[in-house]
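Per the UniProt record's numbering, the sequence shown starts with residue 1, numbered consecutively.
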Amino acid sequence: FPADGFPKIGTVSGYMAGLWVIPLFVSTFVSVRYRKRKQNAPEIQSYLLGGFVAFVFFFVSEEVSYLIPVWFAKNVWQVGHAAVYVLIPEFLLGVFTAYAYRVVAYASFPEKILWAFLTMLVYLGALAFFFLLLEGTQARPPI
């Protein structure tokens, strides 16, 4: 992460935590609206749609974020300016966030905190797995 003068959490600027809310809000909103409009469709379709919207949103964000500069991929396999290892976890984050929202929409506050923590663990685990899978060797697949 480039030096930007903002307070850091480790090496990450503090405002980055807030930037995750925007794409996840949009993807979850689309998922919920789809479920309301297509009530006979399997629920998994709405979750996959939420994941797809999150994937597109995050991919476009990563493609343009180097221009700001807030974040840029470095020393990893890339498609354009986006790091490949984060794309599948971001899709999974959108899917799981849409599912977690359905589960906790009318739940108690402690249950919402639990599901937020589980969502973080799913994303962190997916990031670690795909980083090791795709970046764990010296040889990189051709683009």
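For each residue, glycine too, the CB sits at the ideal point set by N, CA and C.
In this structure, Val103 is the residue among Val103, Ser108, Phe130, Thr11 with its C-alpha nearest to the C-alpha of Thr119. Measuring C-alpha to C-alpha distances from Phe29 to each of Tyr15, Glu90, Gly18, Ser46 identifies Ser46 as the nearest.
Here Thr97 is buried. Its C-beta has 16 or more other C-beta atoms within 10 Å. Leaving aside the five residues that flank Val84 on each side, the residues in its chain whose CB is nearer than 8 Å to its CB run, in chain order, Val76, Trp77, Gln78, Leu134. Take the alpha-carbon of Ile9 and the one of Pro89: they are about 21 Å apart. Annotation for Lys38: no alpha helix (DSSP H) segment contains it, and DSSP assigns it neither H nor E. In this structure Ser108 is exposed. Its beta-carbon is surrounded by fewer than 16 other beta-carbon atoms within 10 angstroms. Straight across, the Cα-Cα distance linking Ala128 with Phe117 is about 16 Å.
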